[in-house]
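The listed protein sequences derive, respectively, from chains A and V. If you count the first sequence from 1, position 7 lands on 6 in numbering that gives the first Met the number 0, and the numbers rise without skipping. If you count the second sequence from 1, position 290 lands on 289 in numbering that gives the first Met the number 0, and the numbers rise without skipping. For glycine and all other residues, C-beta sits at the position ideal for the given N, C-alpha and C. Okay, so here's the structure we're looking at.
Protein chains: 2
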Amino acid sequence: MAEKAGVSLGTVSNAINRPEILAPETLKRVRKAIDELKFIPNASAQTLRAGKTRILGLVVPDISNPFFTDLAKGVNDAALLAGYVVILCNTDEDSEKEDHYIDILAGQNVRGILITPAHETNKRLNEISKRGIGLTLVDRPSIGLDTCSVEVNDAHGGLLALEHLYERGHRKIMCLTGESDIPQVAERERGMREAISRIPKADRPTIITQRIPMMTADSASTVMSEHIAEKGLNFTAVICGNDLVAFGAIRAIRAAGYSIPEDVSVIGYDDIDFAANATVPLTSIAQPKYQLGYAAAELVISECENPEKHAHQKIQFQPHLIVRNSTRSI
Amino acid sequence: MAEKAGVSLGTVSNAINRPEILAPETLKRVRKAIDELKFIPNASAQTLRAGKTRILGLVVPDISNPFFTDLAKGVNDAALLAGYVVILCNTDEDSEKEDHYIDILAGQNVRGILITPAHETNKRLNEISKRGIGLTLVDRPSIGLDTCSVEVNDAHGGLLALEHLYERGHRKIMCLTGESDIPQVAERERGMREAISRIPKADRPTIITQRIPMMTADSASTVMSEHIAEKGLNFTAVICGNDLVAFGAIRAIRAAGYSIPEDVSVIGYDDIDFAANATVPLTSIAQPKYQLGYAAAELVISECENPEKHAHQKIQFQPHLIVRNSTRSI
DNA sequence: CTGAAAGCGCTTACAG
DNA sequence: CTGAAAGCGCTTACAG
């Protein structure tokens, strides 16, 4: 072993963990040996001795969704900086899979878990905290759980979207979004109502709310086509639940013979990478996806490295409007 | 500890790992104690002793790319099935980050590594195999490395794209793609030449090859705009390096006042999810991304669980053509 | 079938 | 400043 450097194994350990206590000469020699032998400390042994891994678990409902992909990137980068590594768990919005993953993560002695629970909050999460594993909720309010959380101000996002359209002269606006029992959806609608309440009564726009079963392009396209077939184009703008929904809506509107943004303005949500590159560059409400993940990782890491000094906190980011070509003044 | 069951700690271990060698009576007693004390074996100690984790490392250049996202899903699912968990490493195409991650992975004693090296093949990879860690290359031929690999038949993909356009009457085709030193690019062009060689000489289409520095929409859009400004629309169809490139090309062609597919047919590559939902649904060459990841994971797992029975193998998938609205007959 | 013991590779007081 | 030694929690021959 690295004792070929002529020192004891304890000194090698100190060279790695507390280099300042070594004689400079010795340190140099040890480091040379480490390099030459390409010595990499065994994490299992370190963990066994120190009692702590440097592994985080990230549990998300759908890694195919660009939102979570960017978020995962943020988590990874923050983790790497702190010397942590992250195990990715994709639940496909399946609660059983989610529970299974949480058990596995606990068995691996992960130091902390970052999770966006698929449905409501998961009971198993309470046990996690009890076990001394850090926990922070991502993009979900921490209902009834004493943990950290990071989220985005959805009410403000809804307000931004509505104000943008109002300022451009739109008075008949469709809101194409998911079921109202989804926290995000409810919050955004609250923000829209807030925006409307600030407008003089006589000038307030009409809102046509159209729910879609899933937040996908296909689902949106179908619902939009049906709406137009039944009631015609009884709106001049659409606020969509996310960018994919916006793309689906645009497809349906075009298929009915109308143009974007000439006949209808469309605004998306999330500002996924593709929004800027879509054939009609999409106006959207941007969410700091990467930062959300980055902050969440910093939060758990701080929690597990200073459990006594740590106070649970909720970090809320602000969304902002990105204007592109899919909305125009009328 | 669980010796409250009145047995030695070695017996507890055997109860967990080799229950069949215990006296039924003892086993029962131990299990009861395990349940009551909610005993969960320490994975670090197990690993330290047995030398084997159930962790895989997945190293990709860019998890934001839908191609790798889908691939990661396949890896995750196959891993979960075999009781493995996967650490996700995103290198941003940075070789240093890649090396760093490989070291970390080695330190975590991962059982196997799945990697799409950012540039050529990484030297550090040789050491990985020496260390007894399973290794399989993903979407990269295993040049000079004695490992398993999974890939897609790129030559066939190029052939499919060209044949499709030829059959639809196109005789002036632009090939908008990356540098020829990228293995995938070279292979696809080889496939295109093969397709052309099968066509009667008099009827062979002309190919205009236009290289782009990066395989992104912006890069493609810029190059396409310049081309049209300089030489006009001297082609009736474009074969693109990937779907994002196709979107960029479409944007530029439209900006120049032409329509898709009326004036120009465009074919993408990868068939990312969004291709079907684009405003002009994109004809594309589909690659089995999920299956690629799934197969790769199965390969490493088989390698590390049966090192002696294992023979390195190369699995090659076939791409196929998905016809949508961005290409038409002339 | 069960227990005692060695040892996996580290970290960390504690002498010297 | 450095080395010798104990011990983290397991697994696994090896006696008995």
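Proximity of residue i and residue j at Cβ, strictly below 8 Å
i: V:G247; j: V:S264; result: no
i: V:I284; j: V:D272; result: no
i: V:T135; j: V:L298; result: yes
i: V:Y268; j: V:G156; result: yes
i: A:C239; j: A:L175; result: yes
i: A:I252; j: A:P204; result: no
i: V:R250; j: V:L281; result: no
i: V:P260; j: V:S325; result: yes
i: V:I103; j: V:V58; result: no
i: A:A14; j: A:L21; result: yes
i: V:V222; j: V:I211; result: yes
i: V:L80; j: V:Y289; result: no
i: V:Y165; j: V:I114; result: no
i: A:C88; j: A:E302; result: no
i: A:A254; j: A:S224; result: yes
i: V:D145; j: V:H311; result: yes
i: V:R139; j: V:E126; result: no
i: V:A160; j: V:I300; result: no
i: V:G168; j: V:I329; result: yes
i: A:A275; j: V:L47; result: no
i: V:R123; j: V:D98; result: yes
i: A:T278; j: V:T278; result: yes
i: A:M213; j: A:N241; result: no
Spatial neighbours of residue i in its chain, beta-carbon cut-off 6 Å, leaving aside the 5 residues before and after
i: A:E162; result: A194
i: V:F66; result: D269, K288
i: A:R187; result: D153, G156, G157
i: A:N64; result: none
i: A:R170; result: P204
i: A:I227; result: A255
i: A:T25; result: none
Same chain only: Cβ atoms within 7 Å of residue i, ignoring 5 sequence neighbours per side
i: V:V109; result: T52, I54, L55, G56, I86, I132
i: A:Q317; result: N152, H155
i: V:H118; result: S94
Distance between residue j and residue i (C-alpha atoms, nearest Å)
i: V:D93; j: A:I101; result: 32 Å
i: V:K72; j: V:G177; result: 26 Å
i: V:G231; j: A:A185; result: 51 Å
i: V:P116; j: A:G256; result: 47 Å
i: V:A49; j: A:V137; result: 36 Å
i: A:Q107; j: V:K313; result: 32 Å
i: A:L243; j: A:S12; result: 52 Å
i: A:A105; j: V:T68; result: 25 Å
i: V:K200; j: V:S179; result: 25 Å
i: A:K31; j: A:Q286; result: 47 Å
i: A:R189; j: A:R327; result: 24 Å
i: A:P306; j: A:A296; result: 15 Å
i: A:E304; j: V:P23; result: 44 Å
i: V:R192; j: V:P182; result: 15 Å
i: V:E95; j: A:P40; result: 19 Å
i: V:R17; j: A:E35; result: 41 Å
i: V:A245; j: A:N233; result: 34 Å
i: V:S258; j: A:Q209; result: 32 Å
i: A:V29; j: A:E19; result: 13 Å
Residues near residue i by beta carbon distance below 8 Å, same chain, minus five either side
i: V:Y293; result: G73, V74, D76, A77
i: A:A42; result: T52, R53
i: V:Q315; result: V149, E150, V151, N152
Interfacial residues, the region 303-327 of chain V to chain A, with Cβ spacing under 8 Å: none
4-residue-minimum alpha helix (DSSP H) runs that sit fully inside the region 81-166 of chain V, ordered along the chain: Segments of the alpha helix (DSSP H) lying fully in the region 81-166 of chain V: 94-106, 123-129, 153-166.
Short-range partners of chain A found in the region 235-258 of chain V, where Cβ spacing is below 9 Å: Shown in chain order are the members of the region 235-258 of chain V whose Cβ falls below 9 Å from a Cβ of chain A: L243, F246, G247, I249, R250, R253.
Interface residues of the region 105-126 of chain A facing chain V [CB-CB below 8 Å]: A105, G106, Q107, N108
Contiguous alpha helix (DSSP H) assignments of at least 4 residues, all confined to the region 252-310 of chain A: Counting only unbroken stretches of 4 or more residues, the alpha helix (DSSP H) elements lying wholly within the region 252-310 of chain A are 272-276, 288-304, in sequence order.
Residues of the region 273-307 of chain V with Cβ closer than 7 Å to any Cβ of chain A, in chain order: F273, N276, A277, T278, V279
Chain V contacts made by the region 40-53 of chain A, where a contact means CB separation under 8 Å: P40, N41, A42, S43, A44, T46, L47, T52
Whole beta strand (DSSP E) elements within the region 178-247 of chain V, 3-residue minimum: Contiguous beta strand (DSSP E) elements confined to the region 178-247 of chain V occur at 205-210, 236-239, taking only those with 3 or more residues.
Contact list for the region 216-234 of chain A against chain V, Cβ threshold 9 Å: A216, D217, S220
Interface positions of the region 56-78 of chain A facing chain V (Cβ-Cβ less than 7 Å), listed along the chain: I62, S63, T68, D69, A71, K72, N75
Within 7 Å of chain A by C-beta, residues of the region 80-98 of chain V in sequence order: V84, V85, I86, L87, N89
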